[in-house]
Amino acid sequence: MTARGRLFVVSGPSGSGKSSIISQVLSETDVEFSVSATTRLPRPGEVDGRHYHFMDRDEFKRMIEEGALLEWAEYNNHLYGTPAAPIERANGEGRDVLLDIEIQGARQVKQNRPDSIMVFVTPPSMEELERRLRNRGDTSDADIEDRLEIAAGQLAVADELCDHILVNDDFSEAVDELLDLITGPA
124 MTARGRLFVV SGPSGSGKSS IISQVLSETD VEFSVSATTR LPRPGEVDGR
174 HYHFMDRDEF KRMIEEGALL EWAEYNNHLY GTPAAPIERA NGEGRDVLLD
224 IEIQGARQVK QNRPDSIMVF VTPPSMEELE RRLRNRGDTS DADIEDRLEI
274 AAGQLAVADE LCDHILVNDD FSEAVDELLD LITGPA
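Residue numbering for the sequence shown follows our numbering, beginning at 124 and increasing consecutively.
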């Protein structure tokens, strides 16, 4: 019988640093990264199939209708979702998988896969989150305000949903904390 791999779900507000933390962790472990699907346009440097599966709304809706997504949600006027087949295949072969998704999707994953390990990455403060979003240089003031409002809502429910809250006030420590969760005893 093949051992079942674990499913790590990492969530957090836009600008919390979760993508940077995940990138570092992936470079130091053999955990498999689940590539999400989205209807938003790629940001500079993002590659289709590596960062996301970029698709139009009709294609995304077909995946919903076919039951091909482990979870999906609308966030900031765009659809995001996790194709189920690659995760089930990897877990069935005993490999750990890491997801990078927003909190609505994380809630669905927890319902569908109660064995998943939920991690929420948070900035040390809302002021720091706003500073990080502004320093990106690719987000309008209106979008920043929307993202801050969304972040406040996410922070309000993180404790009830997530198994681990990871405060990203020191990047190296945040990376080490996630690494310990993944490489530590099952």
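Backbone N, C-alpha and C fix where the C-beta goes; we use that ideal spot for every residue, glycine too.
DSSP places S159 in the uninterrupted beta strand (DSSP E) bounded by 159-161. Checking the DSSP bridge columns, you'll see S248 has no partner listed. Contact between the stretch 219-239 and the stretch 148-162 is established, with three or more Cβ pairs separated by less than 8 Å. For the 9 Å CB-CB criterion, P136 and L278 form a contact. With respect to the 9 Å criterion, L256 and G138 are classified as neighbours on the basis of their beta carbons. When the five nearest sequence neighbours on each side are left out, the beta carbons in the same chain lying within less than 8 Å of the beta carbon of I210 are those of L130, S157, L193, V220, L222, in order along the chain.
In the DSSP assignment, the residues bridged to E197 are L202.
Per DSSP, the unbroken beta strand (DSSP E) holding D223 starts and ends at 220-223. Per the C-alpha coordinates, the member of Q227, G307, T205, S295 positioned closest to G172 is T205. Distances from the alpha-carbon of D293 to those of A275, R166, D238, G140 put G140 closest. Distances from the alpha-carbon of I226 to those of D238, S295, Y203, E151 put Y203 closest.
By alpha-carbon distance to D266, the top candidate from A160, E296, N200 is N200.
Taking the C-beta atoms as reference points, G217 is found no nearer than 9 Å to G276.
Assignment of M241 by DSSP, reduced to helix, strand and coil, places it in the strand class.
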